[in-house]
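First comes the structure, then the notes that go with it.
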Amino acid sequence: MSGKLKEVKTRIASVTSTQQITKAMKLVAASKLKKATDAIVQMRPYSQQLSNMLSNIVAATEGDVSIELAKVRPEVNNALVVVITSDKGLCGGFNSNIIKQARKAVEEKYAEQRKAGKLSIMTLGKKGNDFFKKYDDCNIIDDHIDIFKGLSFESASVAINDIMDAYADGKYDEVMVAYAEFKNPVVQYFHLNQFLPIESSSAKDLGAKEGGKKSDYIFDPNKEKLINELVPKILKTQLYSYLLDSNASEHGARMTAMGNATENAGEMLRELKISYNKERQAAITTELTEIVSGAAALEG
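FYI, the numbering for the sequence shown is 2 to 301, going by the working numbering.
Below is the structure:
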């Protein structure tokens with residue numbers, strides 16, 4: 002067998018092995034996606050309703066009840082950017098698109114805070130931490146980097162408690178979150194949302210959509226106590242929803258990426274087999290020509 006044939010045969014074996022791996026990874030991602038999709042589909046309506054209610058409460062109680070987590074600071078001296086990425090790669094542009102959103106905050110929105118050394122980045126997921134740990138002028142918080150290893154409402158609550166406590170203590174004046182919103186396995190939307198202080202403008206927009214009616218809530222027994230209990234719970238649900246969205250988006254992106262890789266490997270195999278057959282045919286023709294020429298020389 003000629004060197005060229007050996008090389009093509011080795012490549013065929015290598016691509017076949019890779020195709021088997023990508024196919025298996027696609028099946029695993031599809032299995033995980035089903036569970037992740039069920040979780041976010043069940044959570045999303047509840048989370049959206051709570052988010053709208055939170056914005057309405059902030060707007061309705063403005064000037065009446067003091068909500069610490071809704072207070073807008075006169076100046077944003079210290080900021081926190083929460084980056085929700087995956088722990089693993091091989092999921093197309095999923096992580097790079099989230100990091101792109103986070104960089105808008107780090108390099109543009111909070112450029113002055115970063116220059117002054119007053120910008121912190123909390124990474125939820127290893128890929129975001131791997132990228133941003135090279136930013137020496139930012140404070141990298143990786144206390145919850147392994148949050149996806151045992152993703153639950155309790156683990157999300159621990160992270161949000163740290164964020165809320167730091168904001169209430171004045172450590173941060175503004176908190177942004179970069180995450181992915183799951184649409185389907187092929188489509189994900191990437192967002193950079195303000196998390197704290199709680200925005201009330203959305204309540205005005207909601208009121209305009211509902212004919213300009215202002216939401217009127219009846220609080221019992223105590224308005225201030227009830228709101229201070231309710232607001233943190235709603236924020237925990239909101240962050241947990243972001244985590245579920247990103248988790249489903251990761252598995253969807255990986256399933257799509259591995260599906261495309263499997264198809265590309267199949268196309269490459271077809272081309273390699275055609276090339277192998279051509280080389281083999283050429284080698285056989287050459288050998289036959291040499292045999293005929295040798296026999297003719299002997300007869301001559």
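Note that the Cβ used here is the ideal one computed from N, Cα and C, for glycine as well.
Taking all protein chains shown into account, D174 has 16 or more neighbouring C-beta atoms within 10 Å of its C-beta and is therefore buried. Annotation for K134: I141 place their beta carbon closer than 6 Å to its own, counting only its chain and skipping 5 residues before and after.
By the C-beta criterion, the segment 85-98 is judged to be in contact with the segment 247-261, since at least 3 inter-stretch pairs fall below 8 Å. Taking C-beta separations shorter than 6 Å and ignoring five residues to either side along the sequence, the partners of A40 in its chain run L245, following chain order. If you ignore the 5 residues before and after M44, its C-beta comes within less than 6 Å of the C-beta of S242, L245, all in its own chain and listed in chain order.
For Y168, the uninterrupted alpha helix (DSSP H) run begins and ends at 154-169, by DSSP. Counting every other CB atom within 10 Å of its CB across the protein chains shown gives F154 a total below 16, marking it as exposed.
Inclusion of N79 and K119 in the CB contact set at 9 Å is warranted, their separation being smaller than that value. Distance from the CA atom of I146 to the CA atom of A179, rounded to whole angstroms, is 15 Å.
Excluding its 5 nearest sequence neighbours in each direction, K128 has C-beta neighbours in its own chain below 6 Å: T86, S87, N96, listed in chain order. Here DSSP, grouped into helix, strand and coil, assigns V73 to coil. In the DSSP annotation of this structure, the continuous segment of the beta strand (DSSP E) that includes Y190 starts and ends at 189-197. Shown here, N57 sits in a helix according to DSSP, grouped into three states. When DSSP states are grouped into helix, strand and coil, Y277 belongs to the helix group. Using a C-beta cut-off of 8 Å, the segment 2-12 makes no contact with the segment 231-239, since fewer than three inter-stretch Cβ pairs fall below that distance. V42 and I68 have their C-alpha atoms some 30 Å from each other. Residue pairing from DSSP leaves S250 without any beta-bridge partner. Straight across, the Cα-Cα distance linking V159 with D144 is about 10 Å. With respect to the 9 Å criterion, L81 and Y168 are classified as neighbours on the basis of their beta carbons. For C92, the closest C-alpha among the options A60, A31, T17, V59 is that of A31.
Assignment of N185 by DSSP, reduced to helix, strand and coil, places it in the coil class. Secondary structure of Y173 (DSSP, three-state): coil. The beta carbons of I100 and V83 sit no closer together than 9 Å. Boundaries for N78: no alpha helix (DSSP H) harbours it, and the DSSP string shows neither H nor E there. Looking at the DSSP output, V178 shares a beta bridge with V83, N194.
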